[in-house]
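J.: Residue numbers (our numbering): 43 to 194.
Once you've had a glance at the structure underneath, I'll fire off some questions.
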């Protein structure tokens, strides 16, 4: 009887250990795999680098493990898609706060003279999903959100 109980517990533990990697939010991806699915949405945008992130987001490379950021090629446009990977919850919360501050700064600077850009910024999405912090400032934000959700 005791042996059967131990056997059942071991089987349950093994099943749980097998299922754990497939649980929502635990799947890790390399952000470079997002380049192809994002391609139709970033045709008028350019990939941004670490120097741009330091200047615009006030982020150093220690704030994130990996980043994939596309921004408008023109200074008069606000379209932006940013995905940051950060496993540490405390750092992720700080990262999300900096992203929200960036969006707020942009809204403040575009209000009054660029109504179309201001409207995009007012609808901007800055959110945390699992190990990722996402910034979406784009006319097709809902489609992008679904695309990213499917990715992980």
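We treat Cβ as the ideally placed atom computed from N, Cα and C, and that holds for glycine.
With the cut-off set at 8 Å, would you say residue 138 and residue 106 are in Cβ contact?
T.: Sequence index remark: in the chain shown, residue 138 carries index 96 (1-based). Sequence index remark: in the chain shown, residue 106 carries index 64 (1-based). For residue 138 and residue 106, no; Cβs fall outside 8 Å.
J.: Can you tell me whether DSSP reads residue 136 as helix, strand or coil?
T.: Residue 136 sits at position 94 when you count from the first residue of the chain shown. The DSSP-derived three-state label of residue 136 is helix.
J.: Hey, would you say residue 178 sits closer than 8 Å to residue 161, going by beta carbons?
T.: Taking the chain shown and counting its residues from 1, the one referred to as residue 178 is at position 136. Taking the chain shown and counting its residues from 1, the one referred to as residue 161 is at position 119. Contact: no.
J.: Would you check if the segment 75-95 and the segment 107-120 touch, i.e. whether three or more CB-CB distances between them fall below 8 Å?
T.: Look at the beta carbons and you see the segment 107-120 touching the segment 75-95: at least three pairs across the two are nearer than 8 Å.
J.: How would you label residue 148, buried or exposed, when you count the other beta carbons within 10 angstroms and need 16 or more for buried?
T.: Residue numbering aside, residue 148 sits at position 106 when the chain shown is read from its first letter. The residue is buried, with at least 16 neighbouring Cβ atoms inside 10 Å.
J.: Do you know offhand how far residue 183's Cα is from residue 43's?
T.: Taking the first residue of the chain shown as 1, we reach residue 183 at position 141. Taking the first residue of the chain shown as 1, we reach residue 43 at position 1. Approximately 57 Å, taken between the alpha carbons.
J.: Looking only at its own chain, which residues have a Cβ that is under 7 Å from the Cβ of residue 144, when we skip the five neighbours before and after it?
T.: As a first step, residue 144 is located in the chain shown; it is residue number 102 there, counting from the start. Correct list, in chain order: 98 and 99.
J.: Does the Cβ-Cβ distance between residue 73 and residue 110 come in under 8 Å?
T.: In the chain shown, counting from the first residue as 1, residue 73 sits at position 31. In the chain shown, counting from the first residue as 1, residue 110 sits at position 68. Against a cut-off of 8 Å, the Cβ pair of residue 110 and residue 73 comes out as a contact.
J.: Once the 5 residues before and after residue 153 are set aside, which same chain residues still bring their CB inside 7 Å of it?
T.: For the purposes of this step, residue 153 is taken as residue 111 along the chain shown, with counting starting at 1. Here the set comprises 160.
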